[in-house]
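For reference, the structure is listed below as structure tokens.
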Amino acid sequence: MKNVSLDKLIICPECHTLHRRIKLKKAKFAYCDVCEKVLYQCHDDLIEKALALAIATLITFIVASSFSIVEIEINGIWQDLTLPFVFVTLFHEEFFVVGLIVSFLIFFVPLLYIVIYTYVMILLYLGRGYDLTRKLLIVLAMLKPWNMIEIFLISILVALVKLIGYAQITFGVAFGALIVFILLDIYLTKKIQLTDLWDLRDEVFDANR
Ligand SMILES: [Zn+2]
Numbered sequence: 114m115k116n117v118s119l120d121k122l123i124i125c126p127e128c129h130t131l132h133r134r135i136k137l138k139k140a141k142f143a144y145c146d147v148c149e150k151v152l153y154q155c156h157d158d159l160i161e162k163a164l165a166l167a168i169a170t171l172i173t174f175i176v177a178s179s180f181s182i183v184e185i186e187i188n189g190i191w192q193d194l195t196l197p198f199v200f201v202t203l204f205h206e207e208f209f210v211v212g213l214i215v216s217f218l219i220f221f222v223p224l225l226y227i228v229i230y231t232y233v234m235i236l237l238y239l240g241r242g243y244d245l246t247r248k249l250l251i252v253l254a255m256l257k258p259w260n261m262i263e264i265f266l267i268s269i270l271v272a273l274v275k276l277i278g279y280a281q282i283t284f285g286v287a288f289g290a291l292i293v294f295i296l297l298d299i300y301l302t303k304k305i306q307l308t309d310l311w312d313l314r315d316e317v318f319d320a321n322r
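The sequence shown begins at 114 in our numbering and counts up by one.
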């Protein structure tokens with residue numbers, strides 16, 4: 114493997130064997146020859162697919178953060194639980210550090226991630242922003258580990274289970290939107306890897322040069 118540029122190599126996430134990347138035909142997968150884990154794949158119409166998914170994900174995030182996730186009634190008092198309400202309440206109760214961390218992990222990072230992702234896909238679709246797409250893909254890689262909105266959904270479900278018997282709970286529009294958002298977000302970040310977007314960027318700008 115001497116004199117091979119780093120972006121032509123890929124390491125197996127399972128057994129850490131180093132492989133040389135080859136160009137795949139559409140809809141084909143590359144497997145590790147040691148442990149048979151999928152290393153990467155060639156997606157069909159990746160630009161259109163990822164752009165459409167990114168826009169759908171952004172819309173579901175706006176719905177999930179604008180409307181009530183659940184309505185809870187305890188002793189005749191109804192309370193709407195919305196995404197911003199969670200950290201606004203934390204700040205209101207003077208849990209500043211927790212409020213800051215929670216708002217960062219469940220709101221600002223997921224929002225920033227999906228806005229940047231959508232913008233990158235629009236730029237790639239239009240074949241523009243050679244330098245900007247490179248910088249934004251680096252930002253996406255830095256943000257990715259901090260996107261923890263799934264954990265927020267799990268914590269809501271745990272809290273709701275504890276409230277059963279004490280409170281009347283009604284699921285709001287944003288609850289469905291939040292689940293759809295998380296599923297789309299997982300698909301966008303796990304199924305379509307950032308390396309696929311780097312390859313896509315190379316393809317777009319090589320073709321235009
Ligand atoms: Zn392997």
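Glycine residues also receive a C-beta, built at the ideal position from the N, C-alpha and C atoms.
- The beta strand (DSSP E) runs of length 3 or more contained entirely in the region 127-164 are, from start to end of the chain, 131-133, 142-144, 151-154.
- In the three-state reduction of the DSSP assignment, residue 186 falls in the strand class, which pools E and B.
- Secondary structure at residue 195: coil, using DSSP grouped into helix, strand and coil.
- Rounded to the nearest whole angstrom, the C-alpha separation of residue 246 and residue 164 is 14 angstroms.
- Contact check for residue 134 against residue 124 fails: the beta carbons are separated by 8 angstroms or more.
- Counting the other Cβ atoms within 10 Å of the Cβ of residue 255 gives fewer than 16, which makes it exposed.
- Burial state of residue 299 is exposed, judged by a 10 Å Cβ sphere holding fewer than 16 other Cβ atoms.
- Distance from the C-beta of residue 125 to the nearest heavy atom of ligand 1 is below 7 angstroms.
- In the DSSP annotation of this structure, the continuous segment of the alpha helix (DSSP H) that includes residue 295 starts and ends at 286-299.
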